[in-house]
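Which chain is which? The protein sequence lines are A and B, in order.
Counting in my numbering, the first sequence runs from 1 upward without gaps.
Counting in my numbering, the second sequence runs from 87 upward without gaps.
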Amino acid sequence: MARINLILLAIILLSALAAVSTNHRARKLVTEYEREQQRMRALEVEWGQLQLEQSTWATHARIEQIARDKLGMRAPKSGQIIAVEP
Amino acid sequence: MKLTRSPLLDAPLPAWRAHFLLGLLLLGSAALVGRSFYLQGINKDFLIGKGESRYERVIEMPATRGRILDRHGDVLAMSTPVKSVWAIPEDAKLAPAQERTLAGLLDMDARELSRKLAGERDFVYLKRQIAPDVAERVANLKLPGLHFQNEYRRYYPTGEVTAHMLGFTGAGDVGQEGIELALDNQLAGKAGSRRVIKDRRGQIVEDVESIHVPQEGKDTVLALDAKLQFLAFSQLKEAITRHKAKAGGIVVIDAKNGEVLALANLPTYNPNNRTRLSGAQLRNRAFTDTFEPGSTFKPFTVALALENGNVRADTQIQTAPGKLTIGSATISDAHAHGMLSVAQVIQKSSNIGTAKMALNIASVEMWKNFDRLGFGQPMKLGFPGEAGGRLRHWKHWRPIEQATMSYGHGISVTLIQLARAYQVFARDGDLLPLSLARVEAPPSVGERVFSAQTAREMRTMLEMAVQPGGTAPKAQVPGYRVGGKTGTAQKLDGGTYAHKYVSAFVGFAPVSDPRLIVAVMIDEPTAGAYYGGEVAAPVFSAVMGGALRTLGVVPDDTLKPLLMANLPPVPPAEEEM
Numbered sequence: 001m002a003r004i005n006l007i008l009l010a011i012i013l014l015s016a017l018a019a020v021s022t023n024h025r026a027r028k029l030v031t032e033y034e035r036e037q038q039r040m041r042a043l044e045v046e047w048g049q050l051q052l053e054q055s056t057w058a059t060h061a062r063i064e065q066i067a068r069d070k071l072g073m074r075a076p077k078s079g080q081i082i083a084v085e086p
Numbered sequence: 087m088k089l090t091r092s093p094l095l096d097a098p099l100p101a102w103r104a105h106f107l108l109g110l111l112l113l114g115s116a117a118l119v120g121r122s123f124y125l126q127g128i129n130k131d132f133l134i135g136k137g138e139s140r141y142e143r144v145i146e147m148p149a150t151r152g153r154i155l156d157r158h159g160d161v162l163a164m165s166t167p168v169k170s171v172w173a174i175p176e177d178a179k180l181a182p183a184q185e186r187t188l189a190g191l192l193d194m195d196a197r198e199l200s201r202k203l204a205g206e207r208d209f210v211y212l213k214r215q216i217a218p219d220v221a222e223r224v225a226n227l228k229l230p231g232l233h234f235q236n237e238y239r240r241y242y243p244t245g246e247v248t249a250h251m252l253g254f255t256g257a258g259d260v261g262q263e264g265i266e267l268a269l270d271n272q273l274a275g276k277a278g279s280r281r282v283i284k285d286r287r288g289q290i291v292e293d294v295e296s297i298h299v300p301q302e303g304k305d306t307v308l309a310l311d312a313k314l315q316f317l318a319f320s321q322l323k324e325a326i327t328r329h330k331a332k333a334g335g336i337v338v339i340d341a342k343n344g345e346v347l348a349l350a351n352l353p354t355y356n357p358n359n360r361t362r363l364s365g366a367q368l369r370n371r372a373f374t375d376t377f378e379p380g381s382t383f384k385p386f387t388v389a390l391a392l393e394n395g396n397v398r399a400d401t402q403i404q405t406a407p408g409k410l411t412i413g414s415a416t417i418s419d420a421h422a423h424g425m426l427s428v429a430q431v432i433q434k435s436s437n438i439g440t441a442k443m444a445l446n447i448a449s450v451e452m453w454k455n456f457d458r459l460g461f462g463q464p465m466k467l468g469f470p471g472e473a474g475g476r477l478r479h480w481k482h483w484r485p486i487e488q489a490t491m492s493y494g495h496g497i498s499v500t501l502i503q504l505a506r507a508y509q510v511f512a513r514d515g516d517l518l519p520l521s522l523a524r525v526e527a528p529p530s531v532g533e534r535v536f537s538a539q540t541a542r543e544m545r546t547m548l549e550m551a552v553q554p555g556g557t558a559p560k561a562q563v564p565g566y567r568v569g570g571k572t573g574t575a576q577k578l579d580g581g582t583y584a585h586k587y588v589s590a591f592v593g594f595a596p597v598s599d600p601r602l603i604v605a606v607m608i609d610e611p612t613a614g615a616y617y618g619g620e621v622a623a624p625v626f627s628a629v630m631g632g633a634l635r636t637l638g639v640v641p642d643d644t645l646k647p648l649l650m651a652n653l654p655p656v657p658p659a660e661e662e663m
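Structure below.
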């Protein structure tokens, strides 16, 4: 009788300790998860800003201006186009 | 000595003392039981709540407004987090040097800053919507009384080019104009919140429950093609500057599925900086402004006459002597033409020829035709202030009104209505609903208005109108066969027709298998020319040509110079009012 009680006591102690450590690990993982989530949001914001920047650099008005003024390009006149038959 | 021997212990005690003590002990333990019952039972929820509030936090989860993308996925509108700096003036006692540093960082006048901080109010915004990295540098100054607030700001990289199409958002990123308003429901996100447990370092250690799941705003993919939009916008702008016009609009529609590929108006505004906006700048003319379509309307009348079998393309109509009296009123052509075939009536844009055809059509039928083409009712695309135009009920038409309406006077339309209605010629007689969003699976056949046969005949006539001898040779596009119709309408000013004009051109290309419809409207050109063939047709030509090349549409015409060097150019036909 006393032996069984001792064994049960040991099991209870072990399971209690396991619960504590599992809970602790879970909390650590949650913290880590939250940190990664935060990083994800920050990266999303940065991605958005980069998209905006790209869009701003790639505005057609800007491209046309550079093509015209800096590179001296112009649209071909009707006689200058050669159509290639497919 | 033995204590047991103490005589004091031998003395008999009164029994009530023992009872009294026992009673006290019982009372005490009853009080304890009662108290613990109160704490554990009755007051439990309150205490648990108090306890949780020590370590539980409710966190707001903001939702971002969806992006607006063009058909190729280029960003047209996007929200990004920014910070607003606010202060409690009472707490914010800054040294002059600190004030100067702050003003420098916030890019504002130092005097304005100190005036704001000296105010009586409890709360003052120092600067709204600054970039997060600037906000961080301000925060690093660790000034007293300064606080930050997270906000979203919407940016429009294409600026004024897409201003009317996209509209803009107001405070709290709520749509106020254009697409932002029309599709606000799907663009707007819903902020959520959740309950978490934080440790003493402020880190989240346990996710307890989510109270409201946040809903991110949905991205919206428009039918708009940013490249075509810029092309249309810049050509329109150039024409308006050259002809010193008051305003203008242009619409590009995909004839195959009803997508609106480009839509621009002038004057416009920069949606990223909306200080000092006037109503004229804000107006999305293509949707809200109605005008008399003038000759651009004639093809609808002629098509109805063809459809009814009243005339054939080669039926001769007498338009001499250039005047026609109906009741007490007289209508006229600017130039008398004599006998014209139906095709030539379109080519030369004869009012009398069109009116004669219209007078053989019952007014109810003509009205039904206009109604089915979508005139007289708003398109209901969800744009704010969409106008329907004026189309009076046929019961009130007098013959002279029916005659003038046949060539586009006494009736008013919006540019987008006109562009859409031209689908009946560009397609084989049917009409699709327009779509602002990219169409994935197009409806193959729309609402039928004319037969395919009539549509084909009209295409041939409309192609003649842009050829030498027509009203708009300047609408030609090298390499492609195009068809279209000019319109020049005199504007009503205080009830009488003034010397103010609206020049328009609506057309499609390539004629062999139309892909695009372009409608151009230029309001009050004042630099001399005002005929649609002079003012609006060149814009059409440039936009149509560029758009067809951009889309890679196979040319259906041999490339040739517009005017042969060894041939005298055929003078274009003068257009009727």
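No residue lacks a Cβ here, since even glycine has one placed at the ideal position from N, Cα and C.
Excluding sequence positions up to five away, which residues of its chain have a Cβ less than 7 Å from the Cβ of B/E246? T354, Y355 and N356
Identify, in the order they occur along the chain, each residue of the same chain with its Cβ nearer than 6 Å to the Cβ of B/R458, setting aside the five sequence neighbours on each side. V535
Step through the CB atoms of chain B and report whether any lies within less than 7 Å of the CB of A/G48. yes
Quick check: is the beta carbon of A/R27 nearer than 7 Å to any beta carbon in chain B? yes
Give the straight-line distance between the Cα atoms of B/M443 and B/T387, rounded to the nearest whole angstrom. 8 Å
Assumed close pair B/A277, B/G231 - CB separation to whole angstroms, cut-off 8 Å: Incorrect: roughly 28 Å between the Cβ atoms, too far for contact.
Comparing alpha-carbon positions, which option in B/D160, B/S139 and B/P519 lies nearest B/N343? It is B/P519 whose Cα lies nearest to the Cα of B/N343.
Classification of A/A18 by the beta-carbon crowding that lies within 10 angstroms, buried from 16 upward: Answer is exposed; the Cβ neighbour count stays below 16.
To the nearest angstrom, report how far apart B/R186 and B/Q463 are at their CA atoms. 59 Å
Provide the residue(s) that pair with B/G275 in DSSP beta bridges, ordered along the chain. B/G275 has no beta-bridge partner at all, per DSSP.
Suppose you measure from the CA of B/L99 to the CA of B/F106; what does that come to, to the nearest Å? 13 Å
Exposure label - B/P182; buried when at least 16 CB within 10 Å: exposed
Going along the segment 280-297 of chain B in order, which residues come within less than 7 Å of chain A, judged by CB to CB distance? Q289, I290, V291, E292 and D293
With a CB to CB cut of under 6 Å and the five nearest residues on each side skipped, what residues in its chain are close to B/A249? Cβ within range, chain order: T354, Y355 and P357.
Give the interface partners of B/F316 over in chain A, defined as CB-CB distance under 7 Å, in chain order. H60 and A61
Do three or more CB pairs link the segment 495-507 of chain B to the segment 597-608 of chain B at distances below 8 Å? The segment 495-507 of chain B, when compared against the segment 597-608 of chain B, does touch it at the 8 Å Cβ threshold.
Using CA atoms only, rank isn't needed, just tell me which of B/R484, B/S165, B/Q184 and B/G475 is closest to B/V499. B/G475
B/M194, DSSP secondary structure in three states: coil
Contacts of B/K313 in chain A (Cβ-Cβ under 7 Å): H60
Chain A contact residues for B/Y241, given Cβ-Cβ distances below 7 Å: L52
From the DSSP output, read off the bridge partner residues of B/H298. Within the DSSP secondary-structure output, B/H298 pairs in a beta bridge with B/S279.
My output table needs one value for B/V171: the three-state DSSP class, helix, strand or coil. Note: B/V171 maps to strand in three-state DSSP.
Whose CA, out of B/K284, B/A117, B/L94 and B/Q562, lies closest to the CA of B/E667? The displayed coordinates of chain B run from 87 to 663. Any statement about residue 667 of chain B would go beyond what the structure contains.
Using a Cβ-Cβ distance cut-off of 7 Å, determine whether B/P596 contacts chain A. no
Three-way DSSP call (helix, strand, coil) for B/N351 in this model: B/N351 falls in the strand class under three-state DSSP.
Counted within 10 angstroms of its Cβ, other Cβ atoms place B/M544 as buried (16 or more) or exposed: buried
Chain A contact residues for B/P167, given Cβ-Cβ distances below 8 Å: V45
Whole-angstrom Cβ separation of B/K213 and B/L227, contact assumed at under 8 Å? Between B/K213 and B/L227, the beta carbon gap of about 14 Å keeps them out of contact (Cβ cut-off 8 Å).
Where B/G469 falls: helix, strand or coil (DSSP): The question names Gly, but residue 469 of chain B in the sequence shown is Phe. Coil, per DSSP.
7 Å Cβ cutoff met for B/I403 and B/L426: yes
Could you have a look at B/I447 and say whether DSSP puts it in helix, strand or coil? B/I447: coil per DSSP, three-state reduction.
Counting only Cβ-Cβ distances shorter than 9 Å, please list the residues of the segment 150-177 of chain B near chain A, keeping chain order. T150, R153, D160, V161, L162, M164, S165, T166 and P167
Can you give the Cα-Cα distance for B/L203 and B/P175, rounded to whole angstroms? 5 Å
Assuming B/T405 contacts B/G439 (C-beta within less than 8 Å), just tell me the rounded distance between them. 5 Å
With a threshold of 7 Å between beta-carbons, can A/E32 be considered close to chain B, or not? no
Taking B/M251 as the reference, give the member of B/V597, B/D96, B/T166 and B/L155 with the closest Cα. B/L155
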